[in-house]
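Protein chains: 2
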Amino acid sequence: MGIKNGVVLVLSGPSGAGKSSLINKIKEDIGDYYFSISTTTRPMREGEIEGVHYHFVTEEEFKKDIEKDNFLEYAIVHGNYYGTSIKPVKQALSEGKLVLFDIDVQGNTAVNNRLGDITTSVFITPPTLSELEKRLNGRSTDAPEVIAARMSMAKREIQRISEYDYVVVNDDLDEAAEYLKLIAKTARLKKSNEEINRFVQQWEDI
Amino acid sequence: MGIKNGVVLVLSGPSGAGKSSLINKIKEDIGDYYFSISTTTRPMREGEIEGVHYHFVTEEEFKKDIEKDNFLEYAIVHGNYYGTSIKPVKQALSEGKLVLFDIDVQGNTAVNNRLGDITTSVFITPPTLSELEKRLNGRSTDAPEVIAARMSMAKREIQRISEYDYVVVNDDLDEAAEYLKLIAKTARLKKSNEEINRFVQQWEDI
């Protein structure tokens, strides 16, 4: 329909579901995309880079951005603020990009409220809770209390997976990647309400 | 997730949009499917075959099936009854098939009310109204008053395309077929509420 229009792909799911591995596997095949970097007040961990993993800010800065309505969505998780700035998302959409979000269930609701017409949402989950625990214990990065918090959050989030357009069970990484690739390619075909209205208007005129 | 679960793909759009050509182009690539045959009271046309193009029945038979709640959806269009019997659809879904419906906007609403969780809907449209008129005039099958009725129905239906998950503009047949193929393959990944509930239940147990 002529004008470039970006779309949104929301990826949710517990840490340990394999989101990063999946994105790495499909990123060559999904065309021009923008991976939304969240802003957070949580302390930077070893190996993390500002502007790559997160934008790290103080609670004061975060609260100022909330006041200015600069966030598409934000939430407090385990005592820390996490949010998505609107500006770079709008920019990427205007460039016709596929905008990827790695956000939680609350974030998905917020994004759908604002950009529902162009949003496709996927919940990525390990096959079972015990498999999730195994994967989290296998990573040396997290303290036991962090793992416990992640497990209890996963239990809460799995109750809301019917809010997602698609659920991908990451049992076999290659198969899950194939599914996610299909979903991402099809997400590109979503049209905004604005685009649909423009099409309907010109449909009878020409 | 183990048990076979069928899904639904609704195709709507005016006669002349190219739905049949598109289905022919993609049918080898979409796996095991069942094309739902509508039941109608309209007279059989030359070249049409009972059980292939439609199930042709009398108005009396049709009304009896309405009373028995045998239709997934039905409507009266240009004075004739058209409907979709539930039984073969249920059978195909239990066999894990992709069930294709060629139905109108009202039918899409009805199917989404009953099977929304496993349904993906696509509106296929010619690029413009004048292109539609050209295509309809190019076919020798329809009388002028039939063409006029189709045109005015198309004008009404195009107003409701935002009710569809996807809109495919059939300008270039090959491109439109590629899009439809992607949508059909991704439609396979939809999970029923029942399947989701089963997954959530066993997720914590194993």
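Residue numbers (the numbering used here), protein chains in the order written: chain Y, 1 to 206; chain Z, 1001 to 1206.
All C-beta atoms, glycine included, are put in the ideal place defined by N, C-alpha and C.
Nothing here was measured: the structure is a model prediction, and the numbers come from that model.
DSSP places residue 141 of chain Y outside any beta strand (DSSP E), giving it a letter other than H or E. Put simply, the backbone Cα of residue 1079 of chain Z is about 21 Å away from that of residue 1158 of chain Z. Residue range 173-187 is occupied by the alpha helix (DSSP H) that includes residue 186 of chain Y.
If you draw a straight line from the Cα of residue 1166 of chain Z to the Cα of residue 75 of chain Y, it comes to about 31 Å. With a threshold of 9 Å between beta carbons, residue 1162 of chain Z makes contact with chain Y. Distance check between residue 123 of chain Y and each of Y:100, Y:144, Y:139, Y:143 places Y:100 closest, using alpha-carbon atoms only. In this structure residue 1057 of chain Z does not touch residue 1084 of chain Z by the C-beta definition: roughly 13 Å separates them, more than the 8 Å allowed.
Residue-level contact check: residue 204 of chain Y touches chain Z, since one or more beta carbons of chain Z fall below 9 Å from its beta carbon. Less than 9 Å separates the beta-carbon of residue 1168 of chain Z from that of residue 1183 of chain Z.
In the DSSP assignment, the residues bridged to residue 1034 of chain Z are Z:1099. Counting of Cβ neighbours within 10 angstroms places residue 1089 of chain Z among the buried residues, the total reaching 16 or more.
CA-CA distance, residue 19 of chain Y to residue 174 of chain Y, rounds to 13 Å. Judged by their CB atoms, residue 164 of chain Y and residue 12 of chain Y are nearer to each other than the 9 Å cut-off. Within its own chain, the residues whose Cβ lies closer than 8 Å to the Cβ of residue 1052 of chain Z, once the five positions on either side in sequence are excluded, are 1037, listed in chain order. DSSP, reduced to helix, strand and coil, places residue 70 of chain Y outside both helices and strands of the structure shown, so it counts as coil. The DSSP-derived three-state label of residue 94 of chain Y is helix. In the structure shown, residue 1163 of chain Z adopts helical secondary structure according to DSSP, grouped into three states. Residue 116 of chain Y carries a helical assignment under DSSP once its states are collapsed to helix, strand and coil. Contacts with chain Z at 9 Å (Cβ-Cβ) do not include residue 172 of chain Y.
C-alpha of residue 1049 of chain Z to C-alpha of residue 14 of chain Y: approximately 53 Å in a straight line. A Cβ-Cβ separation of about 6 Å places residue 111 of chain Y in contact with residue 10 of chain Y under the 8 Å criterion. A residue is called buried when at least 16 other Cβ atoms come within 10 angstroms of its Cβ; residue 1144 of chain Z does not meet this threshold and is exposed. The alpha-carbon of residue 1097 of chain Z is positioned some 20 Å away from that of residue 1054 of chain Z. For residue 193 of chain Y, the chain Z residues whose Cβ falls inside 7 Å of its Cβ are 1162, in order along the chain.
Assignment of residue 1041 of chain Z by DSSP, reduced to helix, strand and coil, places it in the coil class. Taking the CA atoms as reference points, residue 119 of chain Y sits about 30 Å from residue 1092 of chain Z. By the criterion of a C-beta distance shorter than 7 Å, residue 133 of chain Y is surrounded in its chain by 151, once the five residues flanking it on both sides are discounted.
Within 9 Å of the CB of residue 200 of chain Y, the CB atoms of chain Z belong to 1158, 1159, 1161, 1162, in sequence order along the chain. One thing to note: residue 27 of chain Y has its Cβ no nearer than 9 Å to the Cβ of residue 1186 of chain Z. Listed by position along chain Y, the residues whose Cβ is nearer than 9 Å to that of residue 1093 of chain Z form an empty set, because the closest Cβ is around 18 Å away. The C-beta of residue 1117 of chain Z comes closer than 9 Å to at least one C-beta of chain Y. For residue 179 of chain Y, the CB contacts under 7 Å within the same chain, skipping 5 residues up- and downstream, are 168 in chain order. Residues of chain Y whose Cβ lies closer than 9 Å to the Cβ of residue 1111 of chain Z do not exist; the shortest such Cβ separation is about 17 Å. Taking the Cβ atoms as the reference, residue 1155 of chain Z lies roughly 13 Å from residue 1136 of chain Z, outside the contact range of under 8 Å.
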